[in-house]
Amino acid sequence: MVALNDPLAARAHARAMEGSVADAMPILPPVADDLPDGVAAGDLLWEERIAAGGYASRRLARGSRVRLIDLQGDACASLQLFNAEMPTERLNIADTLKIQWNAYLGVGKFLLSDMGRVLMSIVADDAQTHDALCGASNAASNARAYGDGSNAGPFPNARDRLMLGVAKHGLGRRDVHPCLTLFKGVTVAADGATVPELGPFAPGRAVTLRAEMDLILVVANCPHVLDTRPWSITPLRATAWRGPIAGEDDPIRTATPEGRRAFLNVDDYYRR
Amino acid sequence: MADLSLEGLEGAVVHDEVVAARAPWLHTVRAGQSLRIVYLEGNQAVDFLLYAAADDAERYSAQDTIAAQRNIFLRTGAALLSNEGRVMMTITATSVDYHDTIGGACSCESNTLRYGHHTKAQHACVDNFLDANVRAGRGKRDMVSNINFFMNVPVEADGALGIVDGISAPGLTVDLRAEMDVVVVVSNCPQINNPCNGFNPTPVRMIVTA
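Which chain is which? The protein sequence lines are R and W, in order. Throughout the first sequence, residue numbering follows my numbering, covering 1 to 272 in sequence. Throughout the second sequence, residue numbering follows my numbering, covering 1 to 210 in sequence.
And the structure:
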């Protein structure tokens, strides 16, 4: 045990940690050796391993791509999205489903704000098991499932992870809204019953989203609320890079009349 | 002549009000009291938000409710849960099979996407919710997921989803018992571009008993 009874010894002890590596950590500056073709290393914005049970948040400029990878097959990424310059505008799950006339999200679909604008589009998805219906676990549901759900304990719940994530952007409990959960699937049976598809899945499944507005993205990585297994969650990887905004002939923009109008509303917002 | 709208209600009527077509409504219902919504004229969706009276950062959550009951439809016996996972109200009786909680509330902005920009100036539920909430000290951040009583939003096997012909008729009711003191905020849906109100918004009646 090092004697740390004076400030200089404490400083030396702290400084000796430089270069340490943990399973869950941001890489600064970001480094990734698996960027898609055509993406320059200099356009890399964010590289972070998010712990099992952890969370992260990031401001993203319009056009940024965010790739989330379920590294070991049991990640569960619950998302909150806000317009960075006016965070009262945020992801609206009900509008996202209703406007696209479908309850299941995947490649080619877009995520709408409550103001009729596209916050993000899903540009690649080899997971295809996602959930827009059941939302985040909460303290009570984790207490029932694991005996505890507090942020300070070993079984944090997704909703309170999201609360901490939004708080770091000046937001609070009132700003935590219905979420989209990637990698864990829920579909609906004919009688309305929820049908979970929770894996574990093959490692390495990825989803790539494109920011259509300047965003605050918050992601929690906690077990799905319908998961009845003992605590099961594995790390999540987030990578982001710069990219162009959706062009006039972008296939997601042009695929449907609803999408065309939603992108027109984004164009109109940035007409300044 | 007996008032058929009161049939089956227990306790004394402490509040009885007709909400005009297209109008908002806000009322505090105390723990143990019951709220009956009565359809007076016909097909009509009633968009419905709940806040805990003691702490309005605790509010109805469609996702928590769906996850806990493992079903997207709200039927008799459904516990309406808050974002903290607590029971706010219970559906104690209703004359139809189920109610919707995934379809959200119509807004001027979402109407531009569903129907076109020519509908932006029309009445919409989110404006009703804002009108009621802003006067009570809440704002746009407090606009969260809602229930649509008597609205029919089936989900097909491939995920196809839509608001289809309503399931309400004159005289039909839904009864809700408050399990905590709650602020009920309603938009008597003014939508005229889909079948949820039979293309013709009409009044509904709110009866609170204790």
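Beta carbons: idealized from backbone N, C-alpha and C, even for Gly.
Taken through DSSP and simplified to helix, strand or coil, A77/R comes out as strand.
If only uninterrupted beta strand (DSSP E) runs of at least 3 residues are considered, those enclosed by the region 153-202 of chain W are 173-178 and 182-188. The continuous stretches of alpha helix (DSSP H) do not include A57/W, which lies in the beta strand (DSSP E) extending over residues D55 to R59.
Counting only the Cα atoms, R242/R lies some 21 Å from I50/R. Identification of chain R residues near I72/W by a Cβ-Cβ cut-off of 9 Å yields A103, L133, V188, G192, A193 and T194, ordered along the chain. Put simply, the CB of G38/R is far from chain W, with every gap to its CB atoms at 9 Å or more. Under a 10 Å Cβ-count criterion, V21/R is classified as exposed, with fewer than 16 other Cβ atoms of the shown protein chains found around its own Cβ. From the beta-carbon of L113/W, the residues of chain R found nearer than 7 Å are I99, G116, E258, R261 and A262. Our two residues, A9/R and W46/R, have alpha carbons roughly 34 Å apart in a direct line. The beta carbon of D43/R sits closer than 6 Å to the beta carbons of W241 and R242 from its chain, once the five residues preceding and following it are set aside; these are given in chain order. In this structure, G77/W lies away from D64/W, with their beta-carbon atoms at least 9 Å apart. Within chain R, the C-beta atoms nearer than 9 Å to that of A62/W come from I93, A94, L133, G135 and P178, in chain order. Residues of the same chain with a CB within less than 7 Å of the CB of D227/R, apart from the 5 flanking positions on each side, are L198 in chain order.
Rounded to whole angstroms, the Cβ separation of L4/W and G171/W is 6 Å, and the two are in contact under 8 Å. Against S145/W, the close residues of chain R are A94 and P178, in the order they occur along the chain (beta-carbon pairs closer than 7 Å). Interface with chain R (9 Å Cβ-Cβ cutoff): A136/W is excluded. For E17/W, the three-state secondary structure derived from DSSP is strand. Residue-level contact check: D181/W does not touch chain R, since none of the beta carbons of chain R fall below 9 Å from its beta carbon. Judged by their CB atoms, V134/W and V18/W are not nearer to each other than the 9 Å cut-off. Contact annotation: in the region 221-232 of chain R, residues whose CB is within less than 7 Å of a CB in chain W are V225 and L226.
Residue state for D64/W is assigned as helix, using DSSP reduced to three classes.
Under the three-state reduction of DSSP output, P251/R falls in the helix class. For the pair N146/W and L26/W, the Cα-to-Cα distance works out to about 14 Å. A32/R sits away from G54/R, with the two beta carbons spaced by 9 Å or more. With respect to chain W, the C-beta atom of T88/R has a partner C-beta closer than 9 Å. E197/R has G185/R as its beta-bridge partners, per DSSP. S113/R and R90/R do touch by the CB rule: their CB atoms are close to 6 Å apart, below 8 Å. With contact defined as three or more Cβ pairs closer than 8 Å, the region 8-15 of chain W and the region 124-143 of chain R are not in contact.
I147/W: member of the beta strand (DSSP E) spanning I147 to F149, first to last residue. Pairwise C-beta distances place the region 92-107 of chain R out of contact with the region 65-73 of chain R, as fewer than three of them are shorter than 8 Å.
Between M213/R and N83/R, the C-beta spacing is below 9 Å.
N83/R has a beta carbon lying at 9 Å or more from every beta carbon in chain W. In the three-state DSSP reduction, I27/R falls in the coil class, being neither helix nor strand. About 5 Å separates the beta carbon of V166/R from that of D175/R, a gap short enough to meet the 8 Å contact definition.
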